[in-house]
Structures are given as structure tokens and as C-alpha cells.
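To keep things clear, I will list the structure first and then write my remarks on it.
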Amino acid sequence: MTTAAPVPRLIEQFERGLDAPICLTWELTYACNLACVHCLSSSGKRDPRELSTRQCKDIIDELERMQVFYVNIGGGEPTVRPDFWEVVDYATEHHVGVKFSTNGVRITPEVAGRLAASDYVDVQISLDGATAEVNDAVRGPGSFAMAIRALENLAEAGFSDAKISVVVTRHNVDQLDEFAALAARYGATLRITRLRPSGRGADVWDELHPTAEQQVQLYDWLVDHGDRVLTGDSFFHLSGLGEPGALAGLNLCGAGRVVCLIDPVGDVYACPFAIHDRFLAGNIVSDGGFDNVWKNAPLFVELREPQSAGACGSCGHLDSCRGGCMAAKFFTGLPLDGPDPECVQGYGVPALARERHKPRPSGDHSRGSRLSSAGPVPLTLTTRPPARPCNESPV
Amino acid sequence: MWGLLTVPVPATDAAVPAATGGGAAFDPGLRWRLHPQVAVRPEPFGALLYHFGTRKLSFLKNRTIVAVVESLDQHTDARSACRAAGIDDAQQAPYLHALGVLVQSKMLVPGETR
Numbered sequence: 004m005t006t007a008a009p010v011p012r013l014i015e016q017f018e019r020g021l022d023a024p025i026c027l028t029w030e031l032t033y034a035c036n037l038a039c040v041h042c043l044s045s046s047g048k049r050d051p052r053e054l055s056t057r058q059c060k061d062i063i064d065e066l067e068r069m070q071v072f073y074v075n076i077g078g079g080e081p082t083v084r085p086d087f088w089e090v091v092d093y094a095t096e097h098h099v100g101v102k103f104s105t106n107g108v109r110i111t112p113e114v115a116g117r118l119a120a121s122d123y124v125d126v127q128i129s130l131d132g133a134t135a136e137v138n139d140a141v142r143g144p145g146s147f148a149m150a151i152r153a154l155e156n157l158a159e160a161g162f163s164d165a166k167i168s169v170v171v172t173r174h175n176v177d178q179l180d181e182f183a184a185l186a187a188r189y190g191a192t193l194r195i196t197r198l199r200p201s202g203r204g205a206d207v208w209d210e211l212h213p214t215a216e217q218q219v220q221l222y223d224w225l226v227d228h229g230d231r232v233l234t235g236d237s238f239f240h241l242s243g244l245g246e247p248g249a250l251a252g253l254n255l256c257g258a259g260r261v262v263c264l265i266d267p268v269g270d271v272y273a274c275p276f277a278i279h280d281r282f283l284a285g286n287i288v289s290d291g292g293f294d295n296v297w298k299n300a301p302l303f304v305e306l307r308e309p310q311s312a313g314a315c316g317s318c319g320h321l322d323s324c325r326g327g328c329m330a331a332k333f334f335t336g337l338p339l340d341g342p343d344p345e346c347v348q349g350y351g352v353p354a355l356a357r358e359r360h361k362p363r364p365s366g367d368h369s370r371g372s373r374l375s376s377a378g379p380v381p382l383t384l385t386t387r388p389p390a391r392p393c394n395e396s397p398v
Numbered sequence: 022m023w024g025l026l027t028v029p030v031p032a033t034d035a036a037v038p039a040a041t042g043g044g045a046a047f048d049p050g051l052r053w054r055l056h057p058q059v060a061v062r063p064e065p066f067g068a069l070l071y072h073f074g075t076r077k078l079s080f081l082k083n084r085t086i087v088a089v090v091e092s093l094d095q096h097t098d099a100r101s102a103c104r105a106a107g108i109d110d111a112q113q114a115p116y117l118h119a120l121g122v123l124v125q126s127k128m129l130v131p132g133e134t135r
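If you read the sequences in order, they're chains A and B.
Counting in the working numbering, the first sequence runs from 4 upward without gaps.
Counting in the working numbering, the second sequence runs from 22 upward without gaps.
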């Protein structure tokens with residue numbers, strides 16, 4: 004066998020950052036008809052400073068120039084923006100493919116038909132339980148039926164390969180096979196991701212995140228089914244449970260290096276799970292555009308420097324988990340250079356037991372008052388009527 | 022692992038394993054070209070390839086393989102494209118392997134015979 008000139012491992016290249024993100028999440032609005040207890044972006048009410056249609060199109064022009072090949076559009080519930088389809092069409096016409104996440108509220112048979120006719124739009128339906136009981140406890144009454152209706156409409160319209168996106172919790176981790184069956188029924192692909200203590204998720208993480216035993220169960224399931232399931236590579240904190248490479252995907256925190264988030268007002272954060280001032284790199288409108296923020300923001304430059312392994316430096320598994328998820332550490336009040344709160348070697352448990360200060364949220368768009376983080380969270384809170392008429396569903 | 026190419030995709034969900042079979046069989050003695058729906062984005066390490074049709078991403082991990090891929094259509098066959106990029110025949114195996122993987126994932130398609 005001849006050998007090529009040595010090339011650095013791709014993961015090392017990625018850690019130094021790319022000229023443009025590979026995976027860009029763009030939350031188009033903080034408005035949402037639901038009020039999921041674990042919402043990463045604490046969504047509910049529209050932010051009055053939300054970017055205009057023109058500003059959205061300017062961003063798309065810039066993404067096209069930077070060759071960002073596709074964006075993951077989310078929210079909030081992005082489809083409630085009146086110009087949502089206009090923005091999507093503009094993106095696909097400008098060589099920026101779109102995958103959008105939705106709770107299904109606007110996926111009528113007509114919309115499904117239109118989506119089925121496009122080559123460049125991918126749809127991801129959020130579902131956090133394979134049964135209405137489990138799902139609606141987290142996402143609110145009626146949300147299971149709404150998601151299933153959307154999947155039915157897509158399937159009937161001939162839309163192939165929709166995604167069913169599941170955040171794995173203590174209560175649905177036993178339903179992974181049922182989720183896979185559900186995906187198969189609608190010709191969809193299952194995508195499962197990690198519960199982060201971000202946004203309102205900070206309030207419910209203690210009760211909802213999978214137990215240590217469930218993490219092992221999840222890992223085993225992923226090793227068995229990983230080739231047919233998408234994960235957004237979000238479970239890299241589990242990779243220390245087995246042989247390197249057993250878990251499909253790139254096991255690396257891509258924050259500010261290969262991924263980032265644009266929020267509804269044009270703020271750029273290091274990753275979708277890090278909507279907090281600590282991880283705010285800049286603003287597209289006031290800091291000279293996305294390209295400038297991506298390339299020159301001091302935060303991103305810092306994230307592309309070699310990171311200290313800190314307390315994890317002596318752990319033999321550092322090379323596989325790379326210290327875990329920055330956002331999970333930050334929002335549980337753990338030091339960024341220490342173990343992940345769900346460290347599979349067990350170092351997270353004593354770290355969580357020590358005195359720690361969870362950061363105060365720096366933005367909250369929830370309708371009604373924020374849940375108290377003290378004490379257990381009743382998961383039926385979303386049935387409350389809106390506190391004021393203006394807090395009603397934006398749909 | 023030949024080290025020149027990573028496929029399919031890390032860091033994203035864009036690539037779903039193709040439900041149907043791969044592309045044509047790769048013959049290094051024929052002319053090849055990038056699929057018209059594939060875009061090449063230069064990066065410090067090499068390049069990203071993105072296929073707008075399959076939504077797959079691949080990473081070309083050095084500049085030589087990028088030069089080969091981009092010039093394929095200008096040569097009567099893949100071996101000539103490698104030679105033109107400075108890869109002599111004895112060194113071509115990993116490059117031809119990488120091209121074969123790209124054919125498999127439909128990033129490359131047969132070129133027109135001229």
C-alpha cells in the first residue's frame with residue numbers, strides 16, 4: 004500500500020475552526036404556539052426587534068457568498084412568521100438548502116404538497132414521546148396529535164424522508180424502538196438528540212435528563228442502531244462507554260468552530276444550546292455582517308484556540324469525549340474545563356454535588372412567568388391560561 | 022482509512038445514508054467530473070464538497086485531492102488527472118480509492134467522452 008502525504012486528523016482541523024460554519028442553526032423567531040418545558044431558546048413571545056424579511060434575505064445572500072450550503076431553521080416555531088415561506092424560497096433559490104424544525108402546526112395537506120415538490124427543503128417534526136402521554140407532558144396538550152397529523156400530511160403528499168426529532172429524556176428513553184417504528188410508518192428518519200440544560204431546559208434538567216443507567220442503555224441502543232438514526236453528533240459525551248469510533252459521527256464540540264447559531268434578532272451565539280451572554284459572539288446587524296462575526300469575533304477566536312482540559316486532563320477517556328458539552332457544563336454551573344454533568348465515568352455526579360451557581364438566564368421569551376428552578380417541576384404547567392391577552396398563542 | 026477523504030458527514034445531520042444504491046462503478050481509465058449539483062468550498066485543510074441533491078457532505082483532506090477532483094473533467098481519464106496534479110502512478114492508489122468513494126456517493130459522475 005502506498006501512503007499519501009500525512010494529513011492532520013480532520014477533528015484537529017475542525018478544532019481550529021473553518022472559514023464558514025458547516026452547520027448553521029438559525030432561529031427565525033422566538034414566537035411559539037407551544038411552551039415546551041425544555042425549550043432551548045425559552046421561546047414563546049415574539050421579540051419586537053426580530054429581523055425583517057429584508058434583513059433575513061441579506062443574511063442569506065451572505066451565506067451564499069460564504070458557501071454555507073444549508074441552514075437548520077428553527078425557533079420558536081419558525082412557520083408562524085408570516086414571511087416564513089418567502090424566506091425559505093429565497094434561501095433555496097440562492098443555494099442555501101433549508102432544513103426546518105417545526106411542531107407541525109402549519110404543515111397542512113397543502114403545505115405538505117408544496118414541500119414535497121421542493122428538492123431543497125427538509126422538514127423535521129419535533130416529538131418528545133412516542134405516545135401522547137409522554138410527549139404532551141413535555142410539549143403541551145395536543146402537541147402529539149399535531150405532530151402526527153403533520154407526519155401524516157407529509158407522507159400522504161409524497162414527501163419522502165421527513166425527520167422525526169426527539170430529545171431523549173428519562174421518560175422517553177425506553178421508547179426508542181417505538182420512535183423508530185413511528186418513523187418507519189411515515190417513511191421518515193429518526194433523529195435523537197441530547198437534552199441540554201439550556202433555556203427553560205435549565206429548570207427541568209434535573210428531573211428529565213436520563214439517569215446514569217439510562218445513558219448506558221442509550222449508548223447501547225445507538226451502537227446497535229446508529230447507522231439508521233441521526234443524532235446531530237450530540238451524544239459525544241457517551242463515547243467513553245466503548246471503543247473509539249463505536250459511536251457514529253464526529254465526536255467533537257463544534258461550538259464556534261464548525262457550528263453556530265443566529266437568533267431572531269441577529270445575535271450570533273457559539274451553538275444552538277448556548278443562548279446566553281457568555282457565548283454571544285456579536286450581532287449581524289451591528290457588527291458588520293455574519294462573515295465578520297464568524298471570522299473575527301473574539302469569542303470565536305478564543306474557542307478555536309486549544310482548550311484547557313482542566314480537571315479532565317488526567318482522564319484516559321478525554322480523547323473520546325473531549326470533555327463533553329460546553330453548554331451542559333455552563334448551564335448546570337460546572338466549570339467549563341471540568342467534566343460534563345453526564346460524564347459516563349461518573350465524574351459529573353460529585354461535581355454536581357459540590358456548591359455551584361447556575362448562571363442566570365440572559366434572555367427569556369416565555370409567555371407567562373418563568374418557572375421557578377426550586378423544587379420539582381410539575382410537567383402540566385403548560386395548561387395554564389395565558390397571564391395576559393397579549394401572551395396568547397402567536398399563531 | 023486512506024486519510025484523504027472523509028465520507029459521509031460528521032458534525033451534521035445533512036447526510037442521510039442513501040436509501041438506494043450508490044453511483045456508477047469507478048473506472049480510473051475513464052473521464053469523470055463533479056456532479057452538476059455538487060459545490061466545492063475551499064478550506065485550509067482542503068475542501069468541503071456538498072451535494073445539493075443527496076444533501077451529503079464530504080471532506081477532501083488535502084489540497085492535492087482537491088486539485089484532482091476539480092480538474093477531472095479536463096483529462097481523458099482519472100489517472101491522467103492524478104499525474105497532472107503531480108501524483109505519479111506509484112502514488113495514485115489512495116487518490117483513486119478516494120475518487121472511487123466519491124463516485125459511490127454520486128459526488129462524481131462519468132464525464133462526456135470527447
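C-beta atoms are modelled at their ideal positions from N, C-alpha and C, and glycine is treated no differently.
{"query": "Can you list, in chain order, the residues of its chain with a C-beta nearer than 8 Å to that of A:H174? Leave out the 5 residues immediately preceding and following it.", "result": "G132, V137, A140, V141 and L211"}
{"query": "Residues in its own chain within less than 6 Å of A:S376 by CB, not counting five upstream and five downstream?", "result": "Because A:S376 carries a pLDDT of 44, less than 50, the predicted location of this residue cannot be relied on, and the following value inherits that uncertainty. D206, listed in sequence order."}
{"query": "I need the DSSP call for B:G121, collapsed to helix, strand or coil.", "result": "helix"}
{"query": "Within 10 angstroms of the Cβ of A:V352, are there 16 or more other Cβ atoms? Answer buried if so, exposed if not.", "result": "exposed"}
{"query": "Could you check what DSSP says for A:T172 in three-state terms: helix, strand or coil?", "result": "coil"}
{"query": "Would a C-beta distance cut-off of 7 Å place A:L179 and A:W224 closer than the cut-off?", "result": "yes"}
{"query": "My understanding is that B:A60 touches A:Q70, with C-beta atoms under 8 Å, so please give their C-beta distance in whole angstroms.", "result": "6 Å"}
{"query": "Return no unless some Cβ of chain B is closer than 7 Å to the Cβ of A:Q218.", "result": "no"}
{"query": "Taking 7 Å as the cut-off, decide whether the C-beta atoms of A:I110 and A:A148 are in contact.", "result": "no"}
{"query": "Mind reading off the beta-carbon distance from A:S104 to A:S129? Whole number of angstroms is fine, and I expect it under 8 Å.", "result": "6 Å"}
{"query": "In the DSSP assignment, what residue or residues form a beta bridge with A:S129?", "result": "A:S168"}
{"query": "What span of residues does the beta strand (DSSP E) with B:P131 cover, start to end?", "result": "L129 to P131"}
{"query": "For A:C26, report the span of its beta strand (DSSP E) as first-last.", "result": "C26 to E30"}
{"query": "Quick check: is the beta carbon of B:E91 nearer than 7 Å to any beta carbon in chain A?", "result": "no"}
{"query": "Considering B:R62, what are the terminal residues of the beta strand (DSSP E) in which it resides?", "result": "V59 to E64"}
{"query": "Tell me the DSSP secondary structure of A:D266 in three-state form.", "result": "coil"}
{"query": "Tell me the rounded alpha-carbon separation between A:E65 and A:W297.", "result": "12 Å"}
{"query": "Tell me, please, which residues DSSP counts as bridged to A:F238.", "result": "None; A:F238 has no bridge partner."}
{"query": "Using a beta-carbon distance below 7 Å, is B:R84 in contact with chain A?", "result": "no"}
{"query": "Just checking: is the beta-carbon of B:L133 within a distance shorter than 7 Å of some beta-carbon in chain A?", "result": "A quick correction: the sequence has Glu, not Leu, at residue 133 of chain B. Not one chain A Cβ lies under 7 Å of B:E133."}
{"query": "Report the residues of the segment 61-72 of chain A with a CB closer than 9 Å to any CB of chain B, ordered along the chain.", "result": "M69, Q70, V71 and F72"}
{"query": "According to the Cβ coordinates, are A:P24 and A:V262 closer than 7 Å?", "result": "yes"}
{"query": "Considering just the uninterrupted stretch of the beta strand (DSSP E) at A:S104, what are its terminal residues?", "result": "G100 to T105"}
{"query": "Please determine, among A:P275, A:N299, A:G349 and A:P112, the residue with the shortest C-alpha to C-alpha distance to A:H320.", "result": "A:G349"}
{"query": "CB-CB under 8 Å to A:L306, same chain, minus the five flanking residues each way: which ones, in chain order?", "result": "G20, A258, G259, R260 and A273"}
{"query": "Straight-line CA distance for A:C346 to A:L241?", "result": "7 Å"}
{"query": "Give the DSSP-derived three-state secondary structure of A:T95 in the structure shown.", "result": "helix"}
{"query": "Could you pull the DSSP bridge partners for A:Y272 from this structure?", "result": "A:L264 and A:L283"}
{"query": "Run through chain B and tell me which residues come within less than 7 Å of A:G100, C-beta to C-beta.", "result": "F73 and R76"}
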